[in-house]
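Encoded as structure tokens, the structure appears first; notes follow it.
Numbering (full-length UniProt numbering), first residue to last: 1 to 225.
Structure, rendered in structure tokens:
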């Protein structure tokens with residue numbers, strides 16, 4: 001779950017993000033599951049839902065966003081959009097990210113992880129794109145005595161995602177932390193496990209919720225020991 005320091009208080013107060021406000025959300029998923037995820041997310045409270053390739057988007061308040069993180073069986077990630085801006089080159093990317101009030105979301109001695117997807121506008125390498133995003137956040141939060149956020153790809157205080165889509169940069173906070181398919185009970189697993197959200201999608205597509213409600217049984221000959 002998101003660990004940024006702008007986590008709303010119970011009364012909806014706090015910097016940056018507020019429980020009662022509505023936000024644009026992106027929920028990512030395996031390709032082909034967009035329709036199922038849209039149905040699930042709408043049932044959990046997402047509004048104005050639209051399907052994209054390997055993702056859906058919609059609007060929700062923070063309570064609904066937390067509900068999606070907790071109860072979605074099909075999403076990989078729940079992303080809260082902070083900002084959209086046009087981008088022609090790497091400098092536009094840097095300054096677009098720099099303009100965000102990052103002190104509302106992260107302390108100067110905090111840790112971050114950045115994920116970048118898409119290409120174009122002079123960004124043909126996702127590692128380079130992620131580096132420019134990281135540099136902008138670090139430069140924004142650097143203190144006069146040199147204190148600055150550091151990178152922690154495993155357990156950061158804040159996960160940031162930037163998606164580049166046809167010349168538009170979509171900057172988001174990752175509310176889900178680790179990918180939601182990793183939330184199962186297994187800490188150690190085989191070389192080719194079936195991801196939890198994909199397994200759930202197979203069961204939903206096969207009509208298992210209805211079968212279970214009618215008292216049916218499930219036999220899985222490939223479940224192992």
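Just so it is clear, CB atoms sit at the ideal spot from N, CA and C, and this is done for glycine as well.
Who pairs with residue i in a beta bridge, going by DSSP?
{"i": "residue 137", "result": "BP columns for residue 137 are empty, so no partner."}
{"i": "residue 204", "result": "BP columns for residue 204 are empty, so no partner."}
{"i": "residue 165", "result": "168"}
{"i": "residue 123", "result": "120"}
{"i": "residue 159", "result": "113"}
{"i": "residue 108", "result": "Beta-bridge pairing links residue 108 to no other residue."}
{"i": "residue 150", "result": "111"}
I need the straight-line Cα distance from residue i to residue j, nearest angstrom please.
{"i": "residue 40", "j": "residue 32", "result": "14 Å"}
{"i": "residue 206", "j": "residue 47", "result": "26 Å"}
{"i": "residue 149", "j": "residue 110", "result": "5 Å"}
{"i": "residue 11", "j": "residue 64", "result": "Residue placement at residue 11 cannot be trusted, given a pLDDT of 44 that sits under 50; what the coordinates show is reported in the next sentence. Approximately 16 Å, taken between the alpha carbons."}
{"i": "residue 141", "j": "residue 98", "result": "9 Å"}
{"i": "residue 3", "j": "residue 154", "result": "Confidence in residue 3 is poor, its pLDDT being 48 and thus under 50, which makes the residue's placement too unreliable to answer from."}
{"i": "residue 7", "j": "residue 52", "result": "Residue confidence is low: residue 7 scores 46 on pLDDT, short of 50, so the model does not pin down where it sits. Its coordinate-derived value is still stated next. Residue 7 and residue 52: Cα-Cα distance of roughly 28 Å."}
{"i": "residue 95", "j": "residue 121", "result": "14 Å"}
{"i": "residue 38", "j": "residue 69", "result": "14 Å"}
{"i": "residue 123", "j": "residue 216", "result": "52 Å"}
{"i": "residue 50", "j": "residue 133", "result": "27 Å"}
{"i": "residue 212", "j": "residue 89", "result": "53 Å"}
{"i": "residue 171", "j": "residue 144", "result": "27 Å"}
{"i": "residue 232", "j": "residue 146", "result": "The structure shown does not extend to residue 232, since the chain is modelled only from 1 to 225, so the question has no answer here."}
{"i": "residue 112", "j": "residue 17", "result": "18 Å"}
{"i": "residue 91", "j": "residue 36", "result": "38 Å"}
{"i": "residue 173", "j": "residue 160", "result": "5 Å"}
{"i": "residue 83", "j": "residue 59", "result": "14 Å"}
{"i": "residue 199", "j": "residue 106", "result": "35 Å"}
{"i": "residue 77", "j": "residue 214", "result": "32 Å"}
{"i": "residue 23", "j": "residue 175", "result": "12 Å"}
{"i": "residue 169", "j": "residue 204", "result": "34 Å"}
For residue i, report the span of its beta strand (DSSP E) as first-last.
{"i": "residue 168", "result": "168 to 174"}
{"i": "residue 58", "result": "55 to 61"}
{"i": "residue 98", "result": "No beta strand (DSSP E) holds residue 98; the alpha helix (DSSP H) holding it covers 90 to 98."}
{"i": "residue 51", "result": "47 to 52"}
{"i": "residue 24", "result": "22 to 28"}
What residue range does the alpha helix (DSSP H) around residue i cover?
{"i": "residue 86", "result": "From DSSP, residue 86 is part of no alpha helix (DSSP H) but of the beta strand (DSSP E) over 77 to 86."}
{"i": "residue 214", "result": "Here residue 214 belongs to no alpha helix (DSSP H), and DSSP marks it neither H nor E."}
{"i": "residue 233", "result": "Examination of residue 233 is not possible in this model, given that the chain is present from 1 through 225 alone."}
Once the 5 residues before and after residue i are set aside, which same chain residues still bring their CB inside 7 Å of it?
{"i": "residue 118", "result": "163, 164 and 165"}
{"i": "residue 136", "result": "94, 97 and 98"}
{"i": "residue 116", "result": "126, 129, 130, 133 and 162"}
{"i": "residue 71", "result": "44"}
{"i": "residue 156", "result": "111, 112 and 113"}
{"i": "residue 201", "result": "33, 36 and 74"}
{"i": "residue 103", "result": "141"}
Excluding the five sequence neighbours on either side, which residues of its own chain have a C-beta within less than 6 Å of the C-beta of residue i, listed in chain order?
{"i": "residue 57", "result": "26 and 50"}
For residue i, which residues of its own chain have a beta-carbon under 8 Å away from its beta-carbon, when the five flanking residues on both sides are left out?
{"i": "residue 167", "result": "86, 87, 88, 120 and 121"}
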